[in-house]
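Taken in sequence, the protein lines are chains A and B. Residues 1 to 396 in this note's numbering are what the first sequence lists, from first letter to last. Residues 1001 to 1396 in this note's numbering are what the second sequence lists, from first letter to last. Where a beta carbon is used, it is the ideal one built from N, C-alpha and C, also for glycine.
Number of protein chains: 2
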Amino acid sequence: MGTKRLVILGSTGSIGTATLDLVADFPDLFEVVGLAAGRGGDALERQIRRFKPRVVSVSRTEDADRLRAACADLPVDILGGPDAAATVAAQGDGDLVVSAIVGAAGLVPTLAAIRAGKSIALANKETMVMAGALVTAEAARRGVSILPIDSEHSAIFQALSGQRAEDVRRLILTASGGPFWDVPRHGLDRVTREDALRHPNWSMGPKITVDSATLMNKGLEVIEAHWLFGMPADRIDVVIHRQSVVHSLVEYCDGSMLAQMGIPDMRGPIGYALAYPRRLPLRLPPLDLAARGALTFEPPDPERFPCLEYGYEALKTGGTAPAVLNAANEEAVAAFLDGRVEFLAIADTIERVLSRSCPGPATTLDDVLQADRWARAAAREVLGRSPAATLSLGDA
Amino acid sequence: MGTKRLVILGSTGSIGTATLDLVADFPDLFEVVGLAAGRGGDALERQIRRFKPRVVSVSRTEDADRLRAACADLPVDILGGPDAAATVAAQGDGDLVVSAIVGAAGLVPTLAAIRAGKSIALANKETMVMAGALVTAEAARRGVSILPIDSEHSAIFQALSGQRAEDVRRLILTASGGPFWDVPRHGLDRVTREDALRHPNWSMGPKITVDSATLMNKGLEVIEAHWLFGMPADRIDVVIHRQSVVHSLVEYCDGSMLAQMGIPDMRGPIGYALAYPRRLPLRLPPLDLAARGALTFEPPDPERFPCLEYGYEALKTGGTAPAVLNAANEEAVAAFLDGRVEFLAIADTIERVLSRSCPGPATTLDDVLQADRWARAAAREVLGRSPAATLSLGDA
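Right, dumping it as structure tokens:
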């Protein structure tokens, strides 16, 4: 295979930097032609000097100006502003766009890439959660393939490979249970930001790590799985698997299951999406089952972790409901990470916003973005009345 | 797909009867055109009346005469004698030959089916153990596919599906450990025939159940995996997995593993081989991971169960060594099942026969059958000098 030309959206984040590590390891296979980052700090400048993209974007024009001056010796176009990432995503010479911007901000540039006919390696699950119907329809229309980077969806994608779609009975997403799986219900109002950021198995960014602690991450993944694999909600199950080595499973109509396994390291699923249909000879330690001890599986606990159910409910409601769910969660997690509200306020906020919302059809990007804006405003209102984190620690 | 015409070799055994159960469940998919059984008892007559094959064989001409009289009202040809199974296997109108005769006796009819260009669903691992080079060369020459029925090899076959052969790093066969995994070394000279026939997870015939107890089964499966999947001995590993729900795994060059899982029920792998490339909607209970508790994995124990190592050694020696190994094991297991020798005499006999043998090339069927005969004679001699089962129980 020749060199694959990559555009990386969210290049300074956790997935973005891991992707660039792989590019550095396989220089004959990959070339970076575009990068998009939120801010234009030193990390981005180092990436530009090392990987020599032709075009780079940052969110703010002032950051772009600064970066342009810093990189004046390099043959690179620096774009700035809210639409710049979409321009980089859709640019002419990219073969594969790695969509790794965190949160709702990833939707518009990813959709722009799809509309430009680019293959997508998708880490930004919000693209599918917010606008799954729209995105999958656009991708189908343009014959664009969307390769999952989320470890669970990569596992399912691998376990579906070479099998007939009509033989699939059920998708089973595994969930680590996060840092609070062993905390009783009454203990959850005492947990802190630092506790929530201590994920037992995976090293990820702060937003997704908090989502793992609430299990909202798994709720979002159920929605993502629905759109990626065309499977109805009642045929997508979740099982708690504390060791995070079985990354997910597919059950077939003959009772057979195929599971994808490995050590918890995002370079695995990233590498699979980058090099698909081949596999990269990654220098990851193999999974030594005999040395691991036991692999355990437990049912989810909707009592303590209701966010998973909210994901199923939003998917069943359809239309803009998943976009509302996602926006409410993003606002609540941001407030929690800022120390403005306590942990339990995240689920509480999502529930209140969902129950107040009147979901409509999500046929256009505008429908989706409008629902997103409405839900953020509603969430901020709820969050303003939530007990602050410091107070709750005091009176728990 | 139209009706697949099946020939079932070993129709009254454990795999044969399970195969016919599946045929009965899917009458639109399968039709039985030939059966071969060892003896012509009532079970075979019932199968003939129910499935209406056009041709049937039994090993002895006197059994054939009796059966012919009993089935005089049916349009069926009954053949008898040592070559009759091969005639049924190679007959004109079969699409797929299920090779499920137990032991070395399966080799000649399976090879006859391959030479007649029939696809094979292979439960008789001895075909590959004794004559893997010969059999795979013949199959390649005639474009014949060999679909594994052994649960481990079916698992690997499923986990290889849709993947690139050059990306495979390692095959990992799981082993239940058999009924004696928790018995200490000094306890193994007290175990009885009844103990050995009590397999913890799988319901199988007596020969293979004893092979599971010695782990010789896994040694034979390593050799079978080598020939089925073209993988060298040092890239085939074995891990003890007591629960027998992970049926085997494939590790790829990126550190990813694909595992096939399910409840331990032979209808799974049989159905997969019969209907390949589709899957049958089998009415097997699904594997409920959350209800199962833990899955465990341990390294093998060559100290207590040396037969696994004998399998690797014979594979590395090559030529007729695996045929010698298999013949010595068959003789020893038969003696153990007859109550003539104690459990530990099985491994001991294999080791002595292997160490005495001078393996040569196995390029023709005659080479293989001659090695088989030599090893049986050698094994019987060793077994004649082994302590009898009853004696050993007395003085243990």
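| Check | Outcome |
| --- | --- |
| How should Lys316 of chain A be labelled, buried or exposed, when 16 other C-beta atoms within 10 angstroms of its C-beta is the threshold for buried? | exposed |
| Roughly how many whole angstroms lie between the Cα atoms of Gly1311 of chain B and Glu1351 of chain B? | 11 Å |
| Going by alpha carbons, who is nearest to Gln1163 of chain B out of B:His1241, B:Tyr1252, B:Leu1282 and B:Ile1263? | B:Tyr1252 |
| Given that Glu1251 of chain B touches chain A, what residues does it touch there, using C-beta distances under 7 Å? | Pro286 |
| Drop a sphere of 10 angstroms on the beta-carbon of Pro1075 of chain B, count the other beta-carbons inside from all chains shown, and report buried for 16 or more, exposed for fewer. | exposed |
| Find the nearest neighbour of Ala1085 of chain B within the set B:Thr1110, B:Arg1169, B:Ala1043 and B:Asp1167, judged by alpha-carbon distance. | B:Thr1110 |
| Please say whether Val56 of chain A and Leu35 of chain A have beta carbons closer to each other than 8 Å? | yes |
| Should Glu298 of chain A be flagged as near chain B, meaning a C-beta pair shorter than 8 Å? | yes |
| Give the residues of chain B in contact with Val239 of chain A, contact being defined as C-beta atoms less than 7 Å apart. | Leu1289 and Ala1290 |
| Could you tell me whether the Cβ of Met1231 of chain B comes closer than 8 Å to any Cβ of chain A? | no |
| Flag this pair as yes or no: are the beta carbons of Ser1145 of chain B and Ser1119 of chain B separated by less than 8 Å? | yes |
| Sorted by chain position, which residues of the same chain lie with C-beta nearer than 6 Å to Ala43 of chain A's C-beta, five sequence neighbours on each side aside? | Thr12 |
| Given a limit of 7 Å on CB to CB distance, which residues of the region 161-181 of chain A reach chain B? | Ser161, Gly162, Gln163, Arg164 and Asp167 |
| Anything in chain A within Cβ reach of Asp1028 of chain B, meaning under 8 Å, just list it in chain order. | Under the 8 Å cutoff, chain A gives no residues; its nearest Cβ is about 16 Å from Asp1028 of chain B. |
| So, does the region 1253-1264 of chain B touch the region 1166-1184 of chain B, judging by three or more C-beta pairs under 8 Å? | yes |
| How would you write the range of the beta strand (DSSP E) that His153 of chain A sits in, first residue to last? | Where His153 of chain A is concerned, there is no enclosing beta strand (DSSP E), although the alpha helix (DSSP H) it sits in stretches over Ser151 to Leu160. |
| Tell me the DSSP bridge mates of Arg164 of chain A? | Paired residues: none, contrary to the question. |
| Once DSSP output is grouped into helix, strand and coil, what is the label at Thr1363 of chain B? | coil |
| Where does Lys207 of chain A sit, in a helix, a strand or coil, going by DSSP? | helix |
| Tell me which same chain residues have a C-beta within less than 6 Å of the C-beta of Ser1386 of chain B, skipping the five on either side of it? | Val1341 and Ala1345 |
| Flag this pair as yes or no: are the beta carbons of Leu228 of chain A and Val98 of chain A separated by less than 8 Å? | no |
| Report the neighbours of Gly268 of chain A on chain B: residues whose CB is nearer than 8 Å to its CB, in chain order. | Asp1254, Gly1255 and Ser1256 |
| Can a CB atom of chain B be found closer than 8 Å to the CB of Ile15 of chain A? | no |
| Might you give, ordered along the chain, the residues of its own chain that have their beta carbon closer than 8 Å to the beta carbon of Leu173 of chain A, omitting 5 neighbours on each side? | Glu152, Ile156, Lys218, Glu221, Val222, Ala225, Ile236, Asp237, Val238, Val239 and Ser248 |
| To the nearest angstrom, how far is it from the Cα of Leu1199 of chain B to the Cα of Gly1230 of chain B? | In the sequence as presented, Leu is not what sits at residue 1199 of chain B; that position holds His. His1199 of chain B and Gly1230 of chain B: Cα-Cα distance of roughly 30 Å. |
| Please list, in chain order, all residues of the same chain as Ser392 of chain A whose beta carbon is under 7 Å from its beta carbon, the five residues on each side excluded. | Annotation note: pLDDT 43 at Ser392 of chain A (below 50); position unreliable, coordinate value reported separately. Counting only Cβ-Cβ distances below 7 Å, and skipping sequence neighbours, we find Asp189 and Glu342. |
| Interface residues of chain B around Pro281 of chain A at Cβ under 8 Å? | Cys1253 and Asp1254 |
| With a Cβ-Cβ cutoff of 8 Å, do Ala377 of chain A and Ala328 of chain A count as a contact? | no |
| Would you list, in sequence order, the uninterrupted beta strand (DSSP E) runs of no fewer than 3 residues that lie entirely inside the region 89-123 of chain A? | 96-99 and 119-122 |
| Quick one: residues in its chain with C-beta nearer than 7 Å to the C-beta of Cys307 of chain A, no 5 flanking neighbours on either side, listed in chain order? | Thr214, Leu215, Met216, Gly219, Ala347 and Ile350 |
| Note down, in chain order, every chain B residue with its Cβ under 7 Å from the Cβ of Leu295 of chain A. | Ala1294 and Leu1295 |
| In angstroms with no decimal places, state the Cα-to-Cα distance between Pro179 of chain A and Ala1362 of chain B. | 58 Å |
| With which residues is Asp1077 of chain B paired in a DSSP beta bridge? | B:Val1055 |
| I'd like the list of long-range same chain contacts for Ile1114 of chain B, defined as Cβ closer than 7 Å, with 5 residues on each side in sequence excluded. | Ile1120, Val1135, Glu1138, Ala1139, Arg1142 and Val1144 |
| What residues in the region 1138-1164 of chain B have a beta carbon less than 9 Å from any beta carbon of chain A? | Ser1154, Ala1155, Gln1158, Ala1159, Leu1160, Ser1161, Gly1162, Gln1163 and Arg1164 |
| With DSSP as the reference, label Asp237 of chain A as helix, strand or coil. | strand |
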